[in-house]
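Working notes, beginning with the structure itself.
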Amino acid sequence: MTGKSTRERVDALVREALANDASLRIAFLLRSLVPLDRLRSLARRLGVSVKGYRIERAPAVKLAPLLAELESDALAEVCEELLRSFETTPPAGEPIESDSVPGAVHELAIRAAKDAREKLERGESNLAKLRERVDQLQNEVRLEREARTRAGSEIRSLRAELREARSKQPPQIADLEQRQHDLERDLEALGESEAGLRRLLALRETRLRVAEQQIRELEELLPKGRRRKRKPLEPEATEPPRLRVPYFADSFYRSLNDKERQSVERAMRAVWVYCTEGPAYPGLEVKQIEGQDLWSLRASLKLRVYFRVRDDGDIDVLELSDREDQHTALRRWKER
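Here this note's numbering is used: the first residue of the sequence shown is 1, the next is one more, and so on.
And the structure:
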């Protein structure tokens, strides 16, 4: 590293030490501290040859590893040359910002720790913002669910009014049907909005996990004595788990006749996990069939359980079918 200032050499030493658990290799010290002409002279004297280079043209990055791998007396001579480089006074005019290399290394280590702390504080600030945004999205999802529940209640009420109106006041039927149609359309829009919020919430939670990982990596860069203790997070209020009750239709039992016992066990296990843990359980694939009120639950690679969700959250389990027969099953349930 001839031609570089003491500060640049120290920076390189610090980077190498941090990258190798506070250890500095002899090859790196030779390349960093011994002038190139002295490395070439030492290699010529010890009979070292560099593949693809003549000694007078060989770069330090090629010479240093070969010199560091020499045996016994030759290695001792290399170390003596390295010690002489430690004792050599830098050329006049070369910038020196500390009294010794160890002092400069200590100073740069403090500066690196300070930079790591600043990055850690910025990461914690970003993490707090992400958590706040996640809480906001969860609140929006809850409001969307409440609005959807209210819309469903109004639809049921309107259907009851419609039945009553058909028997008593026929002229009001058209208005009630229009209102029912509008509310069903609003309910569909609310469902799409809720799905969008769920996707956005999943994205925010992914970013939150990435930010937490970055925080942990930055904390590992700080010395243990300089790490700041985190304030314990307040326990989040959790709602008691709700158990969904499955109602198995006769068609479901008929669909089990040609299925193997292992397939039936997987289907029952998938229904049980859905009813106890909910659709967000990791590894549980649940999706709504587009254009219908049917839902699909993955029981295995080739089997799907089809069900409908009741107004109170319980489910009607309709059929266990092969994935290849999905279109036939959907057409059959659409006609009912």
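Glycine included, C-beta positions come from ideal geometry on N, C-alpha and C.
Every value quoted in this text rests on a predicted model; they were computed, and no experiment measured them.
*Exposed or buried, which one is V61 when buried takes at least 16 other CB atoms within 10 Å?*
Exposed is the call here.
*Quick one: Cα of A211 to Cα of L200, how far?*
C-alpha of A211 to C-alpha of L200: approximately 16 Å in a straight line.
*In terms of residue numbering, what span does the alpha helix (DSSP H) encompassing E265 cover?*
Segment R261 to E277, the alpha helix (DSSP H) holding E265.
_Cβ-Cβ distance between L221 and G123 below 7 Å_ = No. Outside cutoff.
_Alpha-carbon to alpha-carbon, E277 and S167_ = In this model, S167 and E277 are separated by some 44 Å (Cα to Cα).
*Would the region 304-320 and the region 251-258 be scored as touching if the rule is three or more Cβ pairs under 8 Å?*
By the Cβ criterion, the region 304-320 is in contact with the region 251-258, since at least three pairs of Cβ atoms, one from each stretch, lie closer than 8 Å.
*Which residue's Cα is closest to the Cα of R156: E140, L176 and K129?*
The shortest C-alpha to C-alpha distance from R156 to any of E140, L176 and K129 is the one to L176.
*Thinking C-beta only, is L63 closer than 7 Å to L39?*
Their beta carbons are under 7 Å apart, which means L39 touches L63 by this criterion.
*Pull up the CB-CB distance for L297 and V305, whole angstroms please, since I reckon it's below 8 Å.*
The Cβ separation is near 4 Å, so the contact holds.
*Going by beta carbon distance, what residues of the same chain come within less than 7 Å of I264, once the five residues before and after it are set aside?*
It is Val, not Ile, that sits at residue 264 in the sequence shown. Counting only Cβ-Cβ distances below 7 Å, and skipping sequence neighbours, we find L256.
*Look up V50 in the DSSP assignment and say whether it is helix, strand or coil.*
Coil, per DSSP.
*Would you kindly work out how many angstroms separate the C-alpha atoms of G225 and S300, rounded to a whole number?*
Their Cα atoms are separated by approximately 51 Å.
*Might you give, ordered along the chain, the residues of its own chain that have their beta carbon closer than 7 Å to the beta carbon of D322, omitting 5 neighbours on each side?*
Excluding positions up to five away in sequence, the list reads K302 and L303.
*If you draw a straight line from the alpha carbon of V141 to that of S32, how long is it in whole angstroms?*
Those two C-alpha atoms are separated by around 59 Å.
*Compare the C-alpha of E290 against each of Q214, D258, A195 and D314 and name the closest.*
Put simply, of Q214, D258, A195 and D314 the residue whose alpha carbon is nearest the alpha carbon of E290 is A195.
*Would R244 pass as a contact of D312 if the rule is Cβ separation under 7 Å?*
The beta carbons of R244 and D312 sit no closer together than 7 Å.
*Hey, how far is the Cα of W333 from the Cα of E132?*
Their backbone Cα atoms lie some 43 Å apart in a straight line.
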